[in-house]
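Below: the structure, in structure tokens.
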Amino acid sequence: MAQTVSFDITPEQEASKLQFLRRQFSGAAPALSRSDVHLGGRTAIVTGGNGGIGLECSRQLLDLGLTRLIIAVRDETKGEAARRTLTATKPLESGQTVEVWKLDYASYESVTAFAQRVEDLTPRFDIAILNAGVNRGSFALNPTTGHEEELQTNYLSTALLVLLLLRVLQKAQARSTSSPSESFSPGRIVVVSSDQAAWAKFDEKSREPSILQALDDEANWDKIGRYATTKLLGQLFVAKLSRLVPPSLAVVNCANPGLCYGSGLSRELGLATAVFIRIVGRSVVLGARTLVHAAVVSDESSHGQYVEDGKLRP
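Numbering (this note's numbering), first residue to last: 2 to 315.
Laid out in structure tokens, this is it:
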């Protein structure tokens, strides 16, 4: 199970606004090249891969020689545009493929259908970067699930997809045990997190009758705090999951790309927020480096942990 990890910074220091600014202007995961890691023969999934950080993650994975890239998107037209952008910027090498698959976090049926399609892959997937997310400017309930939209996308559907992908890996591991001709290596699943998780008040945790019902109540809606809460829930989920799932099946971690301009995540939050992000934000190139590093370099010690700028953080 998860290993004991020591840190060179306290949780209080890590969560400070001063440390956030230091990271924004001076932190970054190292750029990787094929001399560091070569992804030939590997298959990777990037959710929300049609723009911003997700598109840049896709580009960096292909640059590392990834053989098969699956861009998972809600809007397949935008996904196809992203595929064209990737291949126009740098033509694919022999054997490389980029595919666009439908995935709508607003629908559990879409999530389960996507996971079933992943299960049918030959060979199986090796890497999943779960980057899709929303940062809404107003309260809305998902008409299908009845849950608040930000909670639905950033936490509930993301957690469901993690569990379904782990089931895919379990079946692949079982096949390798019964058939010596099928090899198995642990998968890598990265759940994208945020600095804001450390700032979440999460007052709903003590509300009756349940946390979910409190989060679905418009009276408890907080435009700034809700995003932070959903990211905190994701970190708690991954930490708990690491106690139940061995890294010999999959290394699952959370990774924080930092506040990035050009990500499109805060498009509903207004002009003032956009200006702040443009001043303080880092490029999506730097943000994507952390996610790719967490997916292809971070070892078993990152299982259940929070990764930032290529380092484990409390």
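Positions of the beta carbon are idealized from the N, C-alpha and C atoms, including for glycine.
Spatial distance of residue i from residue j (CA atoms)
i	j	result
W222	I280	27 angstroms
A45	R84	14 angstroms
V285	R176	38 angstroms
G235	G282	22 angstroms
P124	F185	10 angstroms
A199	T86	35 angstroms
I10	G53	30 angstroms
V293	F277	26 angstroms
P92	R244	42 angstroms
E77	A289	22 angstroms
V47	T159	12 angstroms
R189	I128	5 angstroms
R109	K312	Before going further, note that residue 109 is Tyr rather than Arg in the sequence given. In a straight line, the C-alpha of Y109 is about 33 angstroms away from that of K312.
F8	R314	6 angstroms
T154	L170	23 angstroms
V316	H304	Nothing about residue 316 can be reported from this structure: the residues present for the chain run from 2 to 315 only.
F126	V253	14 angstroms
T5	V163	23 angstroms
R157	A32	First, the amino acid is wrong: residue 157 is Leu here, not Arg. Taking the straight line joining both Cα atoms gives about 32 angstroms.
L29	T291	Sequence check: residue 29 is Ala here, not Leu. Whole-angstrom Cα-Cα distance: 7 angstroms.
A201	R227	8 angstroms
A251	F203	29 angstroms
L242	L63	29 angstroms
R69	Q306	27 angstroms
K18	K172	44 angstroms
R43	D37	15 angstroms
A215	L142	13 angstroms
L122	Q97	16 angstroms
Neighbour-count burial assignment, residue i, 16 or more Cβ in a 10 Å radius
i	result
F115	buried
R35	exposed
I225	exposed
H39	exposed
P248	buried
T88	exposed
E13	exposed
F26	exposed
R23	exposed
R168	exposed
P258	buried
S139	exposed
S95	exposed
E151	buried
A295	buried
Q61	buried
G50	buried
A3	Unreliable positioning characterises A3 in this predicted model, as indicated by a pLDDT of 46, which lies under 50. The coordinate reading is nonetheless provided below. It is buried - the Cβ of A3 has at least 16 other Cβ atoms within 10 Å.
Cross-strand partners of residue i (DSSP beta bridge)
i	result
K103	V74
L142	E149
A188	Note that residue 188 is Gly in the sequence shown here, rather than Ala. G188 pairs with A251.
N257	E309
T98	R69
Three-way DSSP call (helix, strand, coil) for residue i in this model
i	result
V285	helix
I10	coil
R290	helix
L93	coil
E309	strand
V112	helix
V193	strand
R176	helix
L1	The structure shown has nothing for residue 1, since the chain only spans 2 to 315.
V239	helix
A45	strand
A129	strand
R314	strand
A220	helix
Inset, instruction - Mind the definition here: the stretch 134-144 touches the stretch 217-232 only if three or more C-beta pairs lie below 8 angstroms; say whether that holds. - result: yes
Legend entry - the stretch 135-151 / the stretch 174-192 touching (three or more Cβ pairs under 8 angstroms): no
Legend entry - Three CB pairs or more closer than 8 angstroms across the stretch 207-221 and the stretch 260-271: no
Inset, instruction - Could you tell me whether the stretch 73-84 touches the stretch 92-112, using the rule of 3 or more Cβ pairs below 8 angstroms? - result: yes
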